[in-house]
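This note's numbering puts the first residue of the sequence shown at 495, with every later residue one more than the last.
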Amino acid sequence: PNRLLNPARERSRNHYFTSAKFLLYLGHSLSTWGDRMWHFAVSVFLVELYGNSLLLTAVYGLVVAGSVLLLGAIIGDWVDKNPRLKVAQTSLIVQNASVILCGILLMMVFLFKTQLLALYHGWLLTLCYILVITIANIANLASTATSITIQRDWVVVVAGENRSKLADMNATIRRIDQLTNILAPMAVGQIMTFGSPVIGCGFISGWNLISMCKTPALAHKSSSKVEESELKQLNMQKGTNGESKPNEGVQLIGEKDMAVFEPKLEEEVSCLSRMAEPFSTFRDGWVAYYNQPVFLAGMALAFLYMTVLGFDCITTGYAYTQGLSGSTLSLLMGGSAITGILGTVAFTWLRRRCGLVRTGIISGVAQLASLVLCVISVFMPGSPLDLTVSPFADISARLFESNPLPTMAPQGELLEMPFTTGMPSLFNESTSDPGLAPNPVPIVSVSLLFAGVIAARIGLWSFDLTVTQLLQENVIESERGIINGVQNSMNYLLDLLHFIMVILAPNPEAFGLLVLISVSFVAMGHLMYFRFAHKTLGRNVFLCCAPVPKSVSDDPPACDASSV
495 PNRLLNPARE
505 RSRNHYFTSA
515 KFLLYLGHSL
525 STWGDRMWHF
535 AVSVFLVELY
545 GNSLLLTAVY
555 GLVVAGSVLL
565 LGAIIGDWVD
575 KNPRLKVAQT
585 SLIVQNASVI
595 LCGILLMMVF
605 LFKTQLLALY
615 HGWLLTLCYI
625 LVITIANIAN
635 LASTATSITI
645 QRDWVVVVAG
655 ENRSKLADMN
665 ATIRRIDQLT
675 NILAPMAVGQ
685 IMTFGSPVIG
695 CGFISGWNLI
705 SMCKTPALAH
715 KSSSKVEESE
725 LKQLNMQKGT
735 NGESKPNEGV
745 QLIGEKDMAV
755 FEPKLEEEVS
765 CLSRMAEPFS
775 TFRDGWVAYY
785 NQPVFLAGMA
795 LAFLYMTVLG
805 FDCITTGYAY
815 TQGLSGSTLS
825 LLMGGSAITG
835 ILGTVAFTWL
845 RRRCGLVRTG
855 IISGVAQLAS
865 LVLCVISVFM
875 PGSPLDLTVS
885 PFADISARLF
895 ESNPLPTMAP
905 QGELLEMPFT
915 TGMPSLFNES
925 TSDPGLAPNP
935 VPIVSVSLLF
945 AGVIAARIGL
955 WSFDLTVTQL
965 LQENVIESER
975 GIINGVQNSM
985 NYLLDLLHFI
995 MVILAPNPEA
1005 FGLLVLISVS
1015 FVAMGHLMYF
1025 RFAHKTLGRN
1035 VFLCCAPVPK
1045 SVSDDPPACD
1055 ASSV
């Protein structure tokens, strides 16, 4: 019997490793690993190039956010109007080529910075900075197109009409994202720490060169597998029931290509109309987004980006002002990755038990319950909350005084911080008296803050997956790209607002106020989602369905109206 079972297992294993799903995971892993390494490294490179100042990093962040905000709908429209394979391969090649070019340019700047600074009164070096930020922005725009076509569109096609399979694939992709978010920066950080920034640039460029050669080929193989599967399903549907229709938002890969490339009789468009086309696309995209049945759910997700309660440079900077070491922060980031993965597991379990829409409600309650700890931390011992301190006092001191301002963390501790989390603080650290020995700061407040942030990742990622699948299932295929492009724009808009909020109140004494504002925006987002859920489910919004026996189609429970 074992001899009979082994060939069957071998065939099953071989089938999985050659399936469209596995090829999609593999291509996404390669692409995401290089993307995460680059996003981490470019900020560190820009800080080091500009004399440990955050100016270039801030400019880069604003350019990236502004570009996606303005061009998100246009990128999504381009995704809709072209075949999936062409979009995936083009965006992957542009993304990787831009990172390679940017890495080579950064290597040249690091090696010949002194010579470049002496040429043309430093203008040549400034031009290099502009080129680096511009090319890096192009790479980010290409990454946005890749994300839309792979994570929002291609996944739906691979899953077919099986919504449970779609949920599992979404969760797996999020787990890949979580792991690469932690492991990729750690890997490149160690390379730059024990090597040099030049070696780091070379490693990232080499990785993206390999990725540029492999990922388009993987996309082509995955596309071929999907087309074979869809042809089989079409033949089966013709033989059984000619009137059956797939669920909305879960259509066939061939339909898009045929619909897009049907010959149309158009009047000759004037040059002025062609120039105005991007603006009309921008307007039409936002109007279409507003008219979607899942508009409130998308807005709810965007509101979660208006927060300082995440593991970005802002929270890291605040933690440094409170005396946390880089090693402690790296452990906290690892904990947040674990809870994020638990959130993806919770999503798949809750969806099967309670349906998709109710999963979003439960996830929102879990996130808000965790963030209560962050609210409590604002008023606990060790919190630097003091709204009487002017947020701009230390900024003027940095601009007009020649003496550097002291830091709260001991110098020896700062020197021990690993390069992977050694981002300079965004906050002013002049509250300590240089003439006095530093008193130990109670860690009750900062401990509660990070406990709430880490615990909230479970609800956050489960909610993110809920809204992602709602968009996948309920947006028609012809608008899937442009709607998700506008969704990305909304996310970046709220993310941009949270950076502006920090710029207006950058001192640690005001961070508690930023925490309260962040929790308020998260609560408003979940209230919008509850309104969407109530409109969708009506009185059954709190009625959690019992599990049903697993069927071939894996449809949701009969009492669940989560399909909208």
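Idealized CB from N, CA, C, for every residue including glycine.
Just so you know, these numbers come straight off a predicted model, no measurement behind them.
Residue i, enclosing alpha helix (DSSP H) - first and last residue
i: histidine 533; result: 514 to 543
i: isoleucine 937; result: Segment: none, isoleucine 937 is in no alpha helix (DSSP H) and carries neither H nor E.
i: phenylalanine 575; result: The sequence shown places lysine at residue 575, rather than the phenylalanine named in the question. That residue, lysine 575, is in no alpha helix (DSSP H); it is neither H nor E in DSSP.
i: threonine 1030; result: 1005 to 1031
i: asparagine 664; result: 657 to 688
i: histidine 615; result: Taken as a continuous stretch (DSSP letters only), histidine 615 belongs to no alpha helix (DSSP H), as it is neither H nor E.
i: phenylalanine 805; result: Premise fails: phenylalanine 805 is in no alpha helix (DSSP H) and is neither H nor E.
i: asparagine 1034; result: Counting along the chain, asparagine 1034 falls outside any alpha helix (DSSP H), and DSSP gives it neither H nor E.
i: valine 969; result: Premise fails: valine 969 is in no alpha helix (DSSP H) and is neither H nor E.
i: glycine 792; result: 789 to 797
Alpha-carbon to alpha-carbon, residue j and residue i
i: glycine 528; j: alanine 514; result: 21 Å
i: valine 1013; j: threonine 620; result: 40 Å
i: aspartate 958; j: alanine 949; result: 15 Å
i: leucine 1008; j: valine 1016; result: 12 Å
i: arginine 1025; j: valine 851; result: 11 Å
i: leucine 600; j: leucine 635; result: 20 Å
i: leucine 524; j: proline 679; result: 14 Å
i: phenylalanine 797; j: serine 939; result: 25 Å
i: isoleucine 952; j: leucine 613; result: 52 Å
i: threonine 551; j: leucine 987; result: 18 Å
i: glutamate 1003; j: threonine 608; result: 39 Å
i: phenylalanine 511; j: glycine 555; result: 38 Å
i: asparagine 985; j: glycine 560; result: 11 Å
i: glutamine 684; j: isoleucine 693; result: 11 Å
i: tyrosine 544; j: histidine 714; result: 41 Å
i: lysine 659; j: alanine 653; result: 6 Å
i: threonine 643; j: alanine 582; result: 6 Å
i: proline 710; j: serine 983; result: 26 Å
i: alanine 585; j: serine 716; result: The sequence given here has serine at residue 585, not alanine. Their Cα atoms are separated by approximately 16 Å.
i: isoleucine 832; j: leucine 611; result: 45 Å
i: proline 904; j: glycine 811; result: With a pLDDT of only 43 at proline 904, under the threshold of 50, the placement of this residue in the model should not be trusted; the figure read from the coordinates follows. So the alpha carbons of these two residues sit roughly 15 Å apart.
i: glycine 1095; j: asparagine 675; result: Residue numbering for the chain in the displayed model covers 495 to 1058; residue 1095 lies beyond these limits and cannot be assessed.
i: valine 650; j: glycine 689; result: 42 Å
i: leucine 520; j: alanine 794; result: 31 Å
i: glutamine 861; j: methionine 602; result: 46 Å
i: proline 577; j: isoleucine 994; result: 38 Å
i: alanine 791; j: valine 961; result: 6 Å
i: valine 866; j: glycine 696; result: 44 Å
i: threonine 666; j: glycine 975; result: 21 Å
i: leucine 518; j: aspartate 647; result: 12 Å
Exposure of residue i, with buried meaning 16 or more beta-carbon neighbours within 10 Å
i: asparagine 590; result: buried
i: tryptophan 843; result: exposed
i: tyrosine 784; result: exposed
i: isoleucine 624; result: exposed
i: glutamate 771; result: exposed
i: aspartate 880; result: exposed
i: proline 936; result: exposed
i: tyrosine 814; result: buried
i: serine 956; result: buried
i: threonine 638; result: buried
i: leucine 920; result: Only weak support is given to the placement of leucine 920: the predicted model assigns it a pLDDT of 36, under 50, and the value that follows is read from those uncertain coordinates. Label assigned to leucine 920: buried.
i: arginine 845; result: buried
i: serine 774; result: exposed
i: proline 875; result: exposed
i: leucine 605; result: exposed
i: arginine 777; result: exposed
i: alanine 633; result: buried
Original post:
Taking the runs of the alpha helix (DSSP H) that are 4 residues or longer, which of them lie wholly in the segment 818 to 876?
Top reply: 820 to 848, 850 to 871
Original post:
Residue ranges of each alpha helix (DSSP H) run of no fewer than 4 residues wholly in the segment 971 to 999, ordered along the chain?
Top reply: 974 to 998
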